[in-house]
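A.B. asks: By my numbering, the letter at position 101 of the sequence shown is numbered 285, and the numbering carries on one by one without gaps. All C-beta atoms in this analysis are idealised placements derived from N, C-alpha and C, irrespective of residue type, glycine included. Remember, predicted model here, so these are calculated numbers, not experimental data.
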Amino acid sequence: MDLSQWRGCLALVTGASSGIGEATARRLAAAGLRVVLTARRVERLEKLCAELNAAGGEAQALALDISNGEQVDRVFAHIEQTWGGIDVLIANAGLGHYGPIAKVPREQWVEMRAVNLDGFMYCIQAALPQLKAKPKAQIVVMSSLNAHKVILGMPNVFYSATKAAMASLVEGLRMELAREKSRIKLGMISPGLVSTEFQHKAAKLDAAEKFDYRLDALSPDDIADMACYLLSTPPNVQIHDMIVRPIAQQN
Numbered sequence: 185m186d187l188s189q190w191r192g193c194l195a196l197v198t199g200a201s202s203g204i205g206e207a208t209a210r211r212l213a214a215a216g217l218r219v220v221l222t223a224r225r226v227e228r229l230e231k232l233c234a235e236l237n238a239a240g241g242e243a244q245a246l247a248l249d250i251s252n253g254e255q256v257d258r259v260f261a262h263i264e265q266t267w268g269g270i271d272v273l274i275a276n277a278g279l280g281h282y283g284p285i286a287k288v289p290r291e292q293w294v295e296m297r298a299v300n301l302d303g304f305m306y307c308i309q310a311a312l313p314q315l316k317a318k319p320k321a322q323i324v325v326m327s328s329l330n331a332h333k334v335i336l337g338m339p340n341v342f343y344s345a346t347k348a349a350m351a352s353l354v355e356g357l358r359m360e361l362a363r364e365k366s367r368i369k370l371g372m373i374s375p376g377l378v379s380t381e382f383q384h385k386a387a388k389l390d391a392a393e394k395f396d397y398r399l400d401a402l403s404p405d406d407i408a409d410m411a412c413y414l415l416s417t418p419p420n421v422q423i424h425d426m427i428v429r430p431i432a433q434q435n
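(1) Please work out which residues of its chain come closer than 6 angstroms, Cβ to Cβ, to D249, disregarding the five sequence neighbours upstream and downstream, and give them in chain order.
(2) Please classify Q434: is it buried, with 16 or more other beta-carbons within 10 angstroms of its beta-carbon, or exposed?
(3) Which same chain residues end up closer than 8 angstroms to L229 when comparing Cβ atoms and leaving out the 5 residues on each side of it in sequence?
(4) Hey, could you find the ends of the alpha helix (DSSP H) T208 is sitting in?
(5) Over the uninterrupted beta strand (DSSP E) stretch that includes Q322, give me the two end residues.
(6) If you follow the alpha helix (DSSP H) that M359 is part of, which residue opens it and which one closes it?
(7) Where do the N-terminal and C-terminal ends of the alpha helix (DSSP H) with L415 fall, by residue?
(8) Would you give the residue range spanned by the beta strand (DSSP E) that Q244 belongs to?
(9) Between G240, A348, M185, which has its C-alpha nearest S327's C-alpha?
(10) Looking only at DSSP bridge pairs, what is S366 linked to?
(11) Check whether the Cβ atoms of K316 and I270 lie closer than 8 angstroms to each other.
(12) For R258, name the three-state secondary structure that DSSP assigns.
(13) How big is the Cα-Cα spacing for L370 and P313?
(14) Restricting to Cα atoms, I'd like to know which of A261, I285, W267 is closest to G192.
(15) Could you tell me if Q322 is buried or exposed, where buried requires 16 or more neighbouring beta carbons within 10 angstroms of its beta carbon?
(16) Is the beta carbon of T208 closer than 8 angstroms to that of A411?
(17) Would you say the beta carbon of T417 is closer than 7 angstroms to some non-hydrogen atom of the ligand ATP?
(18) So, under 8 angstroms CB-CB, M350 and N276 are touching, yes? Tell me the CB distance rounded to an integer number of Å.
(19) According to DSSP, is I308 helix, strand or coil?
(20) Hey, out of F342, E360, N330, P419, whose CA is closest to R146's CA?
(21) Around the C-beta of I431, are 16 or more other C-beta atoms found within 10 angstroms, so that it is buried, or is it exposed?
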């Protein structure tokens with residue numbers, strides 16, 4: 185996929201310390217984008233940055249808990265003052281917990297809402313002024329198949345509710361940007377089963393093979409490919425949502 189149109193541009197990746205966020209950051213840096221990596225686990229970000237910079241990329245790590253609106257504002261202000269703002273936002277950070285509605289602890293659904301909805305909106309609101317100031321800009325939202333259907337146990341129903349609400353926000357934002365005749369492109373990726381720490385931790389499984397053998401799960405690199413494809417499309421082409429499943433996944 186040709187990302188030459190973005191070479192030298194600045195991309196912010198949330199949730200970049202592992203999984204899909206890490207894989208996407210690696211692809212973007214290899215394609216010549218400057219990348220700002222954010223997550224709560226700073227030590228992992230710094231290790232990833234060191235690898236990317238040693239390979240000839242340009243990466244910077246910033247600690248960020250997207251559920252904290254003040255932190256989000258400070259990070260975006262720092263980016264604007266230091267680098268002149270972002271050209272690409274990869275809105276990847278998210279979390280989920282397993283368990284039935286009747287038993288899921290209150291703090292878990294509060295946390296899912298805080299990250300998957302509040303944190304997403306904090307980042308969108310902070311990013312838009314910077315993106316609107318650029319001649320070309322793009323937002324890629326990492327969502328879930330759960331945004332389109334309830335899948336019992338993957339993770340839980342409240343997680344599906346947060347992702348469905350996110351999909352509504354993305355569609356509303358698309359309409360608002362179109363009404364404004366904005367050139368910001370907006371796309372969402374909705375993966376099915378992906379082999380990541382997110383899934384293994386949420387499912388309380390110790391080994392990836394216990395989780396993945398059933399469906400030959402997608403890899404983070406598979407989803408990073410989808411993000412790069414969205415970025416490679418011509419300026420007038422907007423792919424609004426990509427549903428991506430392992431070939432064996434039935435639901």
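C.D. replies: Let me lay it out:
(1) Beyond the five residues adjoining it in sequence on each side, D249 comes within less than 6 angstroms, by CB distance, of R224, Q255 in the same chain, given in chain order.
(2) exposed
(3) The residues are A200, S201, L221, T222, A223, A245, L246, A247.
(4) 203-214
(5) For Q322, the enclosing beta strand (DSSP E) starts and ends at 321-326.
(6) Counted as a single uninterrupted DSSP element, the alpha helix (DSSP H) harbouring M359 occupies residues 341-363.
(7) 404-416
(8) 242-247
(9) Ranked by Cα distance from S327, the options G240, A348, M185 are led by A348.
(10) Bridge partners of S366: none, in fact.
(11) no
(12) Helix, per DSSP.
(13) 15 angstroms
(14) W267
(15) Q322 comes out buried.
(16) yes
(17) As presented, the structure is devoid of all ligands, the ligand ATP included, so that no description of it is given.
(18) Not a contact, Cβ separation roughly 12 angstroms.
(19) helix
(20) There is no way to answer for residue 146, as the model of the chain reaches only from 185 to 435.
(21) Exposure of I431 is indicated by the presence of fewer than 16 other C-beta atoms within 10 angstroms of its C-beta.
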